[in-house]
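See structure below.
Numbering (this note's numbering), first residue to last: 57 to 229.
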């Protein structure tokens, strides 16, 4: 069994994709995963799996769809990959408030189409590396053009976004 972190895309405490983390833990444990733990109500899971990352993602997605009726993208990373994402953050130092830095992750390496990172996003900033898209959004993230839907369209895959605190916590959870 290998340790993984699974990040569910679009899970909210209420609404369409409301999923109780106790139900997620039960379904995944019954589905063959070990040491299943969740952190906060937004789809952050640490677990042990005998499968590789891609198989783990598919299995989690299938189990949640079958048993809880939700169809969610599941991004799976190792703790080492999360550390690589955190280490690669270009928005560091006094010029950037770490609380306004966000990390967008996919299951496959990211590759930006030509011109994407040079577009003018106003105060918002975007950098893309194979391991993550890095966003600096100094104001209201809900008003930013750099949302998941925009980045998914540009980068051609399902993605999920987390803040610094969540990724840091999940790296050692």
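Each residue gets a CB set at the ideal place from its N, CA and C atoms; glycine is no exception.
Query - Option nearest residue 161 by Cα separation, candidates 153, 183, 201 - result: Selected option, being the one with the closest Cα: 183.
Query raised in the report: Tell me which same chain residues have a C-beta within less than 6 Å of the C-beta of residue 102, skipping the five on either side of it?
Result: 61, 93, 229, listed in sequence order.
Query raised in the report: Do you know whose CA, among 171, 123, 188, lies nearest residue 146's CA?
Result: Among 171, 123, 188, the Cα nearest to that of residue 146 is on 188.
Report task. Work out the CA separation of residue 109 and residue 71 for me, nearest whole Å. Result -> One Cα belongs to residue 71, the other to residue 109, and the distance between them is close to 29 Å.
Query raised in the report: Are the segment 121–141 and the segment 170–180 in contact at 8 Å, needing three or more beta carbon pairs?
Result: No: fewer than three Cβ pairs fall under 8 Å.
Query raised in the report: In the DSSP assignment, what are the bridge partners of residue 220?
Result: The partner list for residue 220 (beta bridge, DSSP) is empty, contrary to what the question assumes.
Report task. Given a cut-off of 9 Å, decide if residue 100 and residue 159 are closer than it, judged by their beta-carbon atoms. Result -> In this structure, the beta-carbon distance from residue 159 to residue 100 does not fall below 9 Å.
Query raised in the report: Got a sec, what are the start and stop residues for the alpha helix (DSSP H) residue 101 sits in?
Result: The continuous stretches of alpha helix (DSSP H) do not include residue 101, which lies in the beta strand (DSSP E) extending over residues 100–105.
Requested in this report: Given a cut-off of 9 Å, decide if residue 201 and residue 180 are closer than it, judged by their beta-carbon atoms.
Outcome: The answer is yes: Cβ separation under 9 Å.
**Report entry** Limits of the unbroken beta strand (DSSP E) element including residue 58
**Finding:** Residues 58–64.
Query raised in the report: Given that a residue counts as buried once 16 or more other Cβ atoms are within 10 Å of its Cβ, and exposed if not, what is residue 106?
Result: Residue environment: residue 106 is assigned as exposed (fewer than 16 neighbouring CB atoms within 10 Å of its CB, all protein chains considered).
Query raised in the report: Apart from the five residues just before and just after residue 98, which ones in its own chain have a Cβ nearer than 6 Å to its Cβ?
Result: Correct list, in chain order: 67.
Report task. With a threshold of 16 other CB atoms inside 10 Å of the CB of residue 96, please say whether the residue is buried or exposed. Result -> Classification of residue 96: exposed, given that the 10 Å Cβ count is below 16.
Requested in this report: Express the C-alpha separation of residue 216 and residue 129 in angstroms, rounding to a whole number.
Outcome: Residue 129 and residue 216 have their alpha carbons spaced roughly 8 Å apart.
Requested in this report: Would you decide whether residue 164 is buried or exposed? Buried here means 16 or more other CB atoms lie within 10 Å of its CB.
Outcome: With fewer than 16 neighbouring CB atoms inside 10 Å of its own CB, residue 164 falls in the exposed class.
Query - residue 57 burial status per 10 Å Cβ neighbour count (16 or more: buried) - result: The residue in question, residue 57, is exposed, as its Cβ has fewer than 16 Cβ neighbours within 10 Å.
**Report entry** Counterpart residues of residue 80 in DSSP-defined beta bridges
**Finding:** Paired residues: none, contrary to the question.
Query raised in the report: Excluding the five sequence neighbours on either side, which residues of its own chain have a C-beta within less than 7 Å of the C-beta of residue 207, listed in chain order?
Result: Counting only Cβ-Cβ distances below 7 Å, and skipping sequence neighbours, we find 160, 189, 215.
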